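No gaps in the numbering here: position 22 of the sequence shown is 85 in our numbering, and each next residue is one more.
See below for the structure under consideration.
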Amino acid sequence: MIFLETITTSEKRLCVEVGTRYFYYGDTPGNYDYENPGTQRWVELSEAELRARIREAAELIVESKKNVALTGAGISVESGIPDFRGPNGLWKRYGEHVGHISFFFTNPGEFWKFALEVAKVIFAARPNPAHYALAELEKMGKLHCIITQNIDGLHQKAGSKNVIEIHGTAWRLVCLQCGTKFPVEEIASKLMSKGFTIPRCLKCEGILKPDTVFFGERLPEEELKIAISESMSCDLFMVVGSSLVVYPAASLPGIAKSHGAKTILVNLERTAMDEMFDVVIYGKAGEILPKIVEEVKKMM
Ligand code: NAD
């Protein structure tokens with residue numbers, strides 16, 4: 064069966080149904096969950112309901128004494144950096160194996176080809192209104208810290224000061240042989256030159272790896288310790304743009320909740336943990352967060 068699926072009132076896309084499977088043309092994701100037939104990827108909220116939830120989130124922020132945010136790849140999608148598991152996510156295009164440390168060890172050249180493509184996008188990206196909204200909340204004294212799974216440095220670019228990078232940063236490289244770390248600027252001209260594939264250590268010629276956490280690697284101990292202690296001691300925990308499937312980051316909202324914190328989720332799609340949150344808002348972080356900050360300002 065071939066049919067037109069309505070995406071918004073002005074957008075439709077062509078779908079083909081074969082048995083229980085659906086295929087579609089074009090990039091715009093619809094609300095139909097193709098991987099779980101019969102379910103939707105998010106719950107449509109009426110304008111009034113959306114306003115009410117934004118207000119509820121703002122109230123929780125105003126009442127909070129220590130608010131901690133956990134951000135994921137979704138917050139940077141509106142800056143042009145694709146996420147991993149969203150509709151146009153990197154894993155859908157490259158396969159999840161490229162993110163595994165064993166792939167790096169066996170195919171460093173292949174990995175660096177993939178990484179350079181992603182790095183060009185990350186280095187050129189600018190913060191979007193969601194990053195600025197969190198930076199503003201911090202300035203207003205209404206956000207204690209951001210625990211981020213992102214490696215793009217966009218929170219700092221937006222002006223956030225207290226940022227805990229639990230998955231490392233793409234702005235640094237580490238030598239697998241001698242452990243020296245280099246800011247990416249020191250290697251940048253070589254890295255981006257034509258035909259260049261595997262960057263090497265300026266001291267010992269060892270192979271360099273982005274100073275980010277790959278699948279199969281441990282998280283940086285100090286950052287993880289701080290993230291857990293901040294989650295245990297906050298009274299409000301907000302998650303923005305994360306599918307909450309990558310551990311141990313995904314356990315942080317549960318830790319906060321079990322220590323008495325209220326919880327807010329802002330995400331484009333459902334996550335496996337939606338029921339744990341006091342307020343759930345489905346939508347684009349760059350549209351929702353500035354509205355929450357506006358409400359907070361009115362209430363303060
Ligand atoms: P994920 O890809 O698993 O999930 C992203 C979530 O964000 C999805 O549920 C998606 O629906 C949602 N989303 C997409 N666009 C959104 C938007 N505009 N507003 C709000 N939500 C939106 O990402 P994750 O949970 O962070 O975990 C995956 C891993 O990906 C992390 O370890 C992270 O280090 C890494 N990663 C980072 C970047 C980056 O630094 N920007 C990019 C890709 C992946």
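We put the beta carbon where it would ideally sit given N, CA and C, even for glycine.
Predicted model only: the values in this text are computed from it and were never measured.
Pairing Ile-214 with Leu-133 gives a Cβ-Cβ distance that is not under 8 Å.
With 16 or more other Cβ atoms inside 10 Å of its own Cβ, Met-336 counts as buried. Taking a cut-off of 8 Å on C-beta distances, the region 118-138 touches the region 282-302, as three or more cross pairs fall below it.
Linking Thr-275 to Ile-318 through their CA atoms gives a straight-line distance of about 24 Å. Contact between Glu-141 and Ala-348 is confirmed by a C-beta separation of about 7 Å, below the 8 Å threshold. By alpha-carbon distance to Leu-179, the top candidate from Pro-283, Ile-291, Ile-250 is Ile-250.
In the three-state DSSP reduction, Pro-283 falls in the coil class, being neither helix nor strand. No heavy atom of the ligand NAD is found nearer than 7 Å to the CB of Ala-198.
Taking Leu-328 as the centre and dropping the five residues before and after it, the same chain places the C-beta of Val-302, Phe-340, Val-343 closer than 6 Å to its C-beta, in chain order. Secondary structure remark: continuous alpha helix (DSSP H) runs of at least 4 residues inside the region 308-340, in chain order: 315-321. Taking non-hydrogen atoms of the ligand NAD into account, the C-beta of Gly-349 is found less than 7 Å away from one of them.
In the DSSP assignment, Ala-132 falls within the unbroken beta strand (DSSP E) covering 130-134. By the criterion of a C-beta distance shorter than 6 Å, Ile-138 is surrounded in its chain by Ala-193, Val-303, Gly-304, Ala-348, once the five residues flanking it on both sides are discounted. Taken from the Cβ of Leu-307, at least one heavy atom of the ligand NAD lies inside 7 Å. Residue state for Thr-243 is assigned as coil, using DSSP reduced to three classes. Contact check for Ile-229 and Gln-212: beta-carbon distance about 6 Å, within the 8 Å limit, so the pair qualifies. Fewer than three Cβ pairs drawn from the region 258-269 and the region 285-294 lie within less than 8 Å of each other, which leaves the two stretches out of contact. Between the ligand NAD and the CB of Ser-294, the shortest heavy atom gap is not smaller than 7 Å. Relative to the ligand NAD, the nearest heavy atom lies less than 7 Å away from the CB of Glu-141. The secondary-structure analysis by DSSP pairs Leu-236 across a beta bridge with Phe-245, Pro-273. Comparing alpha carbon positions, the residue from Val-237, Pro-273, Pro-246, Ser-292 closest to Cys-267 is Val-237.
Following the DSSP letters along the chain, one finds Glu-228 inside the beta strand (DSSP E) bounded by residues 226-228.
Secondary structure note for Leu-299: its beta strand (DSSP E) is the uninterrupted segment 299-303. Taking 8 Å as the cut-off, the Cβ atoms of Ile-117 and Glu-358 count as close.
In this structure Ala-187 is exposed. Its beta-carbon is surrounded by fewer than 16 other beta-carbon atoms within 10 angstroms.
Leu-108 is not a Cβ neighbour of Tyr-310, given a cutoff of 8 Å. Taking 8 Å as the cut-off, the beta carbon of Phe-177 is found closer than this to the beta carbon of Tyr-157. The beta strand (DSSP E) runs lying completely inside the region 149-213 and spanning 3 residues or more are 208-211, given in chain order. Within the same chain, and ignoring the five residues on either side of Ser-294 in sequence, the residues whose Cβ sits closer than 7 Å to its Cβ are Val-131, Phe-300, Leu-315, Ile-318, Ala-319.
Between the alpha carbons of Val-308 and Ser-252 lies a gap of roughly 36 Å. A distance below 8 Å between beta-carbons, with the five flanking residues on each side excluded, links Gly-269 to the following residues of its chain, in chain order: Cys-238, Leu-239, Gln-240, Cys-241, Arg-263. Counted as a single uninterrupted DSSP element, the alpha helix (DSSP H) harbouring Val-356 occupies residues 348-362.
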